[in-house]
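Using the working numbering, you'd call the opening residue of the sequence shown number 4 and step up by one each time.
Below is one structure, written out as structure tokens; the observations come after it.
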Amino acid sequence: MNRLPVLVVAMLLPGPDSGARAQGDAFQRVCAAAADRATADGHGVLPGRDGWLYFGQELRHLAASARPEAVPAMLDFRRQLADAGVELLVVPVPTKAVVHPEGLPATMLAGAPKDAALAATLAALRTAGVEVIDLGAAYARYDRPARPPLFCRTDTHWSGTGLQLAARAIASWIERRPWYAALPRQTPVAPALQSEARTIDITGDLARSLGRIGLAPEAVELRMVGRREAGRLTAVAPDRASPIVLLGDSHNLVFHAGADLHATGAGLPDHLALATGITVDLVAVRGSGATPARVNLARRARADAGYLPGKKLVVWVFSARELSASPWQTVPLRAPSVAPKSPATP
Numbered sequence: 004m005n006r007l008p009v010l011v012v013a014m015l016l017p018g019p020d021s022g023a024r025a026q027g028d029a030f031q032r033v034c035a036a037a038a039d040r041a042t043a044d045g046h047g048v049l050p051g052r053d054g055w056l057y058f059g060q061e062l063r064h065l066a067a068s069a070r071p072e073a074v075p076a077m078l079d080f081r082r083q084l085a086d087a088g089v090e091l092l093v094v095p096v097p098t099k100a101v102v103h104p105e106g107l108p109a110t111m112l113a114g115a116p117k118d119a120a121l122a123a124t125l126a127a128l129r130t131a132g133v134e135v136i137d138l139g140a141a142y143a144r145y146d147r148p149a150r151p152p153l154f155c156r157t158d159t160h161w162s163g164t165g166l167q168l169a170a171r172a173i174a175s176w177i178e179r180r181p182w183y184a185a186l187p188r189q190t191p192v193a194p195a196l197q198s199e200a201r202t203i204d205i206t207g208d209l210a211r212s213l214g215r216i217g218l219a220p221e222a223v224e225l226r227m228v229g230r231r232e233a234g235r236l237t238a239v240a241p242d243r244a245s246p247i248v249l250l251g252d253s254h255n256l257v258f259h260a261g262a263d264l265h266a267t268g269a270g271l272p273d274h275l276a277l278a279t280g281i282t283v284d285l286v287a288v289r290g291s292g293a294t295p296a297r298v299n300l301a302r303r304a305r306a307d308a309g310y311l312p313g314k315k316l317v318v319w320v321f322s323a324r325e326l327s328a329s330p331w332q333t334v335p336l337r338a339p340s341v342a343p344k345s346p347a348t349p
């Protein structure tokens, strides 16, 4: 990779004032120690208070700084999409420890919970003109004491409530785009999507990793989305022909893909379709939403020359911990052209 973009981005990263830096450093130190404890026990999970469990890799992220190659890779991705006439919206999912610090061990509350890597990355992206949604700011306005949590207590992922707030924020952004009004909706072409409340019991992935299968399951409040058929809601599958692509990691799959992701019909793709009236395309992976997800999108674009020209927007949703943990590579969305060989000289 050309090192110049990395140097430019480094110059864009904001320098916090001394008071904020001192608070951030204190929280970073306790997160580093907690991540070490979570790793040492072999489970990679930190038990907190009142049944809260935290992922060791997220705590490690909170102790780190943004990787310098993350923003250049994002800018390259935005450029390639723009060349194809497609917009990019970046939506990092904040960490559970910052959104819900009340469940952390009391010894970790020495400093103000803060994600320095995420804040620096969002600032650099905005300076470079990339469209972003700061879910942390949206979550901070949520009346948490009186309502369900935004993350699952025993799982790495957001709760049904957390993903619904994200879907509303994304849908509000989409509805302001000039091309949105011209897009065909699900009605009257197809029956309108409906939703209904349901509470399910889950054993989260962190509880499974910790070996706490015998614990009481966690109750999670969801809103199931689908078309009503024979008196019940039937989930709607993603639409590869959709003008909107939802890209990223398993935050796009939880409560949508079923099996160990707990449910179908209640995930982010479902709620985006409900909020916008447009069934989205889905390119999501289990694991890193940084590079592997873009590789999968590139495979689709290379296999079908008409795939990207039919799109208006890529919404890139991934865990904020990717900003300090994953390798951020540039990924060509289209196969490089090969110059024709010159005829052999007689």
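For every residue, glycine included, the Cβ atom is placed at its ideal position computed from N, Cα and C.
Task: Euclidean distance between Cα positions of residue 361 and residue 314 - done: Since the first residue of the chain shown is 4 and the last is 349, residue 361 is not available in this structure.
- [ ] Assign residue 130 to one of three DSSP states: helix, strand, or coil.
- [x] The residue given as residue 130 occupies position 127 in the sequence shown. If DSSP states are grouped into helix, strand and coil, residue 130 belongs with the helices.
Open item on the list: In the DSSP assignment, the beta strand (DSSP E) including residue 322 goes from what residue to what residue?
Closed with: As a first step, residue 322 must be located in the sequence shown, where it is residue number 319. First-last of the beta strand (DSSP E) with residue 322: 316 to 322.
Task: Straight-line gap, residue 93 to residue 331 (C-alpha atoms, nearest Å) - done: For the purposes of this step, residue 93 is taken as the residue at position 90 of the sequence shown. For the purposes of this step, residue 331 is taken as the residue at position 328 of the sequence shown. Their Cα atoms are separated by approximately 15 Å.
TODO: Could you check if residue 81 is buried or exposed, using at least 16 other CB atoms within 10 Å of its CB as the buried criterion?
DONE: The count along the sequence shown starts at 1 and reaches residue 81 at position 78. Counting Cβ neighbours within 10 Å, residue 81 comes out buried, since at least 16 surround it.
Open item on the list: I'd like to know whether the C-beta atoms of residue 218 and residue 266 end up nearer to each other than 8 Å.
Closed with: Working through the sequence shown from its first residue, we reach residue 218 at position 215. Working through the sequence shown from its first residue, we reach residue 266 at position 263. Cβ distance not < 8 Å, so residue 218 and residue 266 don't count as in contact.
Task: Start-end ranges of the beta strand (DSSP E) lying completely within the segment 173 to 254, minimum 3 residues - done: 197 to 205, 221 to 232, 235 to 237, 247 to 251
TODO: Determine the burial state of residue 152: buried for a count of at least 16 other Cβ atoms within 10 Å of its Cβ, exposed for fewer.
DONE: Start at 1 with the first residue of the sequence shown, and residue 152 comes out as number 149. Buried, since its Cβ has 16 or more Cβ neighbours within 10 Å.
Task: Top-ranked residue by Cα proximity to residue 62, from 328, 337, 175, 338 - done: Here residue 62 refers to the residue found at position 59 when the sequence shown is read from its first residue. Of the listed residues, the one whose Cα sits closest to residue 62 is 328.
Task: Given residue 282 as reference, the closest of 229, 129, 43, 84 once Cα atoms are compared - done: Position 279 of the sequence shown, counted from the first residue, corresponds to residue 282. Checked all of 229, 129, 43, 84; the closest Cα to residue 282 is 229.
Open item on the list: Checking 8 Å against the spacing of the C-beta atoms, do residue 124 and residue 48 come in under that value?
Closed with: Here residue 124 refers to the residue found at position 121 when the sequence shown is read from its first residue. Here residue 48 refers to the residue found at position 45 when the sequence shown is read from its first residue. In this structure, residue 48 does not lie closer than 8 Å to residue 124 by Cβ.
- [ ] Within the same chain, show all residues whose beta-carbon is closer than 7 Å to that of residue 304, passing over the 5 residues directly before and after it, in chain order.
- [x] Indexing the sequence shown from 1 puts residue 304 at position 301. Cβ within range, chain order: 310, 311, 336, 337.
- [ ] In the DSSP assignment, find the beta strand (DSSP E) that holds residue 90 and state where it starts and stops.
- [x] Mapped onto the sequence shown, residue 90 falls at position 87. The continuous beta strand (DSSP E) containing residue 90 extends over residues 90 to 96.
Task: Residue burial classification, residue 319 (beta-carbon count within 10 angstroms, cutoff 16) - done: One-based indexing of the sequence shown puts residue 319 at position 316. Its Cβ being crowded by 16 or more others within 10 Å, residue 319 is buried.
Open item on the list: Let's test the definition: count the other Cβ atoms within 10 Å of the Cβ of residue 292 and tell me whether it reaches 16, buried, or not, exposed.
Closed with: Numbered from its first residue, the sequence shown carries residue 292 at position 289. With 16 or more other Cβ atoms within 10 Å, it is buried.
TODO: Give the single residue among 299, 30, 56 whose Cα lies nearest to the Cα of residue 156.
DONE: By one-based count along the sequence shown, residue 156 stands at place 153. Measuring from the Cα of residue 156, the nearest candidate turns out to be 56.
Open item on the list: Taking the straight line between their C-alpha atoms, what separation do you get for residue 252 and residue 145?
Closed with: Numbered from 1 along the sequence shown, position 249 holds the residue referred to as residue 252. Numbered from 1 along the sequence shown, position 142 holds the residue referred to as residue 145. Roughly 24 Å separates the two Cα atoms.
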